[in-house]
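Asks:
Numbering (my numbering), first residue to last: 25 to 137.
1) Are the CB atoms of residue 81 and residue 97 nearer to each other than 7 Å?
2) Any idea if residue 32 is buried or exposed, counting beta-carbon neighbours within 10 angstroms, 16 or more meaning buried?
3) Nearest to residue 37 by CA position, among 121, 122 and 108, is which residue?
4) Would you kindly work out how many angstroms separate the C-alpha atoms of residue 26 and residue 114, rounded to a whole number?
5) Can you tell which of 60, 90, 41 and 61 has its C-alpha closest to the C-alpha of residue 72?
6) Would residue 149 and residue 93 qualify as a contact pair, given that the criterion is a beta-carbon distance under 7 Å?
7) So, helix, strand or coil for residue 134, using DSSP?
8) Considering only residues of the stretch 66-136, which uninterrupted alpha helix (DSSP H) runs meet the minimum length of 4 residues and lie entirely inside it, listed in chain order?
9) Determine the burial state of residue 135: buried for a count of at least 16 other Cβ atoms within 10 Å of its Cβ, exposed for fewer.
10) Specify the secondary structure class of residue 38 as computed by DSSP and reduced to three states.
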């Protein structure tokens, strides 16, 4: 995976259960890493409203791109238990993102069992 990514798992009450900030080795953020992390958290939390709107209008668990902010695209995946997987990314590759969400959900289920 090349690019910048921020992944967060949100619980049913909008609390962040897990988050991960990933920058590929070729893309350095320098001194602004802490500021970017706070901004990423804000973008992901703000996108939860868009995810909830899509939740009632679509039957799919993978919601594709639900929001855009500056150079970030926001994709989402909703589990039957109302967990929301939110991924901020700077390049669009829907198939790879869909498979990432499916693999992450399978790993989550294995850990929960």
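No residue lacks a Cβ here, since even glycine has one placed at the ideal position from N, Cα and C.
Keep in mind it's a predicted model, so treat the numbers as computed, not measured.
Replies: This is what the structure gives:
1) Contact: no.
2) So residue 32 ends up on the buried side.
3) Looking at the Cα atoms, 108 is the closest of the given residues.
4) Roughly 9 Å between the two C-alpha positions.
5) Of the listed residues, the one whose Cα sits closest to residue 72 is 90.
6) No answer is possible for residue 149: it lies beyond the span of the chain, which begins at 25 and ends at 137.
7) In the three-state reduction of the DSSP assignment, residue 134 falls in the helix class.
8) Runs found: 118-136.
9) By the neighbour-count rule (16 or more Cβ atoms within 10 Å), residue 135 is not buried but exposed.
10) In this structure, DSSP gives residue 38 a state outside helix and strand, which the three-state scheme calls coil.
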